[in-house]
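*Asks:* Numbering of the sequence shown is given in the numbering used here, commencing with residue 286 and proceeding in unit increments.
Following this message is one structure expressed as structure tokens.
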Amino acid sequence: MINEWNLELLQDNLDNETHTALYLYTPMCGTCKLAGRMLDITAATVSGYKIGKADLNFSESLAEDYQVESVPCLLIWKNGELVDKTYKFESVPNLFEKMQSHL
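Now the structure itself:
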């Protein structure tokens, strides 16, 4: 299960220059529920990432800072630099390959 992150926890991970992924969702989004389950499975199989999630209703500054247009959204950083923004969660293998490609 992926833990909830606040802005401070996200910044701590970005400052540590690790591979970081943040899943953005809203509780009323049905597609987000499915995407979250797919990401839980992916997170259990991919290594080398710090992965968190955040309810976009409580993280509006993230939407502005990273120009998030809709949810679900997966943001991927490598060494503190945003390298990928994904809205389309096709499948667990697709998410796995996407994350592996940035390691």
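Quick reminder that beta carbons are idealized off the backbone N, C-alpha and C, glycines included.
Tell me, please, whether the segment 337-344 touches the segment 370-384 by the rule of three or more beta-carbon pairs shorter than 8 Å.
*Replies:* no
*Asks:* Closest to Leu412 by C-alpha separation, out of Ala306, Glu293, Pro312, would be which residue?
*Replies:* Limits of the chain in this structure are 286 at one end and 388 at the other, which puts residue 412 out of reach.
*Asks:* Specify the secondary structure class of Cys358 as computed by DSSP and reduced to three states.
*Replies:* strand
*Asks:* Among all the DSSP beta bridges, which residues are the ones paired with His304?
*Replies:* Tyr334, Lys363
*Asks:* Starting from Ser346 and walking both ways along the alpha helix (DSSP H), at which residues does that stretch end?
*Replies:* 345-350
*Asks:* Cβ of Leu309 within 7 Å of Cβ of Gly365?
*Replies:* no
*Asks:* Taking Cβ positions, are His304 and Lys383 nearer each other than 7 Å?
*Replies:* No, they are not a contact pair.
*Asks:* Would DSSP call Lys318 helix, strand or coil?
*Replies:* The DSSP-derived three-state label of Lys318 is helix.
*Asks:* Looking at C-alpha atoms only, which residue of Asn291, Glu293, Leu295, Leu359 is the closest neighbour of Ala320?
*Replies:* Leu359
*Asks:* Once the 5 residues before and after Met323 are set aside, which same chain residues still bring their CB inside 8 Å of it?
*Replies:* Phe374, Ser376, Val377, Leu380
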